[in-house]
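Residue numbers (this note's numbering): 29 to 443.
Here a beta-carbon is modelled for each residue, glycine too, at the ideal position from N, C-alpha and C.
Following: one structure in structure tokens, then a few remarks.
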């Protein structure tokens with residue numbers, strides 16, 4: 029079996045499973061945010077049962093927080109009241125909050141071998157830590173809150189075979205965008221992506237979290253990495269509970285293999301209005317931009333800010349560009365202050381925000397007007413995603429985003 033099958037089989041109490049098989053599994057974690065949590069709570073209350081385990085639920089109001097208006101305040105209050113009533117251990121808001129898919133790994137709440145559902149499509153992020161983690165809808169989450177169980181259709185798995193060494197200007201964002209460009213936004217529909225090969229060890233945990241995060245942009249249920257020295261180093265000192273890493277069998281079955289040579293990758297950008305519209309930056313020509321966003325659950329980690337700071341140090345954001353920096357958590361924000369990066373960002377002419385999802389989903393902190401273009405390190409560039417339906421979002425790495433902020437056009441080089 030592959031990693032996905034092993035995790036599902038173990039949780040289902042079976043010796044083995046096969047693609048297409050339907051199973052019911054106990055869950056290690058159930059999570060929701062301020063968009064998906066309130067409707068899930070309403071459905072949960074119809075069931076009339078207590079929560080299954082107050083320590084295995086995570087509620088994180090991060091999409092519209094700090095509250096941008098009365099409606100968003102009401103959403104957060106719904107979650108806050110529920111968390112207090114049921115004594116939910118992992119409830120984080122205000123000064124304790126961060127972007128959900130940043131803080132759950134950071135706090136050591138997710139771990140190798142876990143089976144996780146979340147009412148957010150980017151719940152697949154935790155596959156970077158050798159877990160099987162996937163997004164679900166409101167009613168599935170409500171049942172999960174009450175029973176601690178969910179049903180799964182065992183997915184087929186695509187073997188993404190990585191080889192070679194990546195250049196310094198290449199990051200996980202270039203890897204996943206290249207993959208999506210190869211197979212399309214439905215290329216892994218109801219499949220899992222499993223990353224194998226010698227190239228895996230070339231990827232930092234930040235790279236892996238970015239890659240797993242955007243597995244859903246290829247249609248995948250999960251994006252799973254093996255447990256290795258990089259994973260071990262990350263979880264040590266963070267995860268304070270027993271866990272069991274999972275390794276694919278040597279004869280594991282995959283429905284397809286996609287080869288990616290990291291040494292051949294170039295900085296890329298996904299043009300509007302789909303993540304599969306991927307081109308090398310050097311091939312897109314001169315495209316003037318109005319805004320840059322560096323942050324989100326995809327690229328709001330410390331390493332991402334370090335890349336941006338290295339480019340913006342001693343430089344100025346182009347006069348025609350608004351550049352917004354959003355650290356993914358309070359710890360990342362604080363460390364960036366200590367390292368002097370926030371000074372670099374402000375001196376360059378950037379806006380630095382409290383941790384929040386903000387403009388990624390068109391929430392706030394950077395909404396686009398008609399005709400405006402944004403280079404963003406977020407994960408989706410659908411029409412109207414970040415504002416007006418006639419605006420455009422170009423997905424890129426922190427390296428490309430920072431270069432573009434300086435030059436005023438999509439760039440992977442500086443003058």
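| Residue from 71, 319, 295 with nearest C-alpha to residue 310 | 295
| CA nearest to the CA of residue 228, picked from 434, 39, 199 | 199
| message | Quick check: the Cα distance between residue 387 and residue 191, rounded to an integer number of angstroms? | response | 35 Å
| With distances taken between CB atoms, is the gap from residue 378 to residue 356 smaller than 8 Å? | no
| query | What residue from 319, 410, 396 has the CA that sits closest to residue 428's CA? | reply | 319
| request: Determine the direct distance from the alpha carbon of residue 62 to that of residue 97, and round the result to whole angstroms. | output: 13 Å
| Touching or not, the stretch 72-85 and the stretch 145-163, by the rule of three or more beta carbon pairs under 8 Å? | no
| said: So, with DSSP's three-state summary, where would you put residue 284? | reply: strand
| query | Exposed or buried, which one is residue 276 when buried takes at least 16 other CB atoms within 10 Å? | reply | buried
| request: Counting only runs of 3+ residues fully inside the stretch 66-134, write out the beta strand (DSSP E) ranges in chain order. | output: 85-88
| task | For the beta strand (DSSP E) holding residue 60, just list the boundary residues, first then last. | result | 57-61
| task | Could you tell me whether the stretch 192-212 touches the stretch 163-176, where touching means 3 or more Cβ pairs closer than 8 Å? | result | no
| Is the beta carbon of residue 230 sitting closer than 8 Å to the one on residue 188? | no
| field | the stretch 149-158 in contact with the stretch 67-74 per 3-pair CB rule at 8 Å | value | no
| said: I'd like the ranges of any alpha helix (DSSP H) spanning at least 4 consecutive residues and lying wholly in the stretch 278-358. | reply: 324-327, 330-340
| field | residue 39 - containing alpha helix (DSSP H), residue span | value | 31-40
| task | Could you tell me whether the Cβ of residue 428 comes closer than 8 Å to any Cβ of chain C? | result | No chain C is part of this structure, which consists of one protein chain only.
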